[in-house]
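In what follows, a structure is listed as structure tokens, so that the remarks can point back to it.
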Amino acid sequence: HTWRVEAAVNGGELGPGHLVIDFHDLKALLEEVIEPFDHSCLNEVEPFTGLSPTSENLARFIYEELDKKMSGLDRQVRLGRVSVSESPDTQVTYSQEVGDAS
236 HTWRVEAAVN GGELGPGHLV IDFHDLKALL EEVIEPFDHS CLNEVEPFTG LSPTSENLAR
296 FIYEELDKKM SGLDRQVRLG RVSVSESPDT QVTYSQEVGD AS
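Mapping of the sequence shown onto my numbering: position 57 corresponds to residue 292, and the numbering continues sequentially without gaps.
This is the structure we're talking about:
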């Protein structure tokens with residue numbers, strides 16, 4: 236399969252260059268997370284040796300790993316969501332934002 240991964244960030248303040256995060260930096264972090272999956276059978280790469288590699292599980296895993304990497308940044312930027320799609324007609328989005336129940 237060919238997957239498309241998108242990440243969105245949130246920030247309360249703009250940092251150097253009046254950016255929440257430089258897209259080059261975000262892309263580099265995302266590439267670190269997804270590199271083990273490139274040209275690989277997902278069923279043969281952790282954590283998917285014991286977890287079904289659905290788009291939902293892939294989005295959640297990428298979110299959690301990217302969030303860990305972003306927590307080490309020295310500015311206030313937070314991962315908002317990660318979306319994964321394997322075709323132009325389908326997409327799943329994972330976030331840890333809590334919605335308003337009212």
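Virtual Cβ for every residue (Gly too), placed ideally from N, Cα, C.
Beta-carbon separation (whole angstroms), residue i vs residue j, contact threshold 8 Å
i    : j    : result
L261 : V244 : 7 Å
Beta-carbon gap between residue i and residue j smaller than 8 Å
i    : j    : result
L314 : M305 : yes
I269 : V240 : yes
S290 : V319 : yes
E321 : W238 : yes
Proximal residues to residue i (C-beta, below 6 Å), its chain only, five neighbours per side dropped
i    : result
D302 : L314
T328 : R316 and S318
Contacts around residue i, its chain only, beta-carbon distance under 8 Å, and the 5 residues preceding and following it disregarded
i    : result
P323 : none
Sheet register partners of residue i (DSSP bridge)
i    : result
G246 : V312
V240 : V319
Neighbourhood of residue i by C-beta, 7 Å cutoff - its chain only, sequence neighbours within 5 removed
i    : result
V280 : P271 and F272
L308 : none
4 or more residues per run - each alpha helix (DSSP H) lying fully within the segment 276 to 337
Listed in chain order, the complete alpha helix (DSSP H) runs (minimum 4 residues) inside the segment 276 to 337 are 290 to 306.
List in chain order: all unbroken alpha helix (DSSP H) runs of 4+ residues lying wholly within the segment 246 to 274.
Taken in chain order, the unbroken stretches of alpha helix (DSSP H) that lie wholly in the segment 246 to 274 and span 4 residues or more are 258 to 269.
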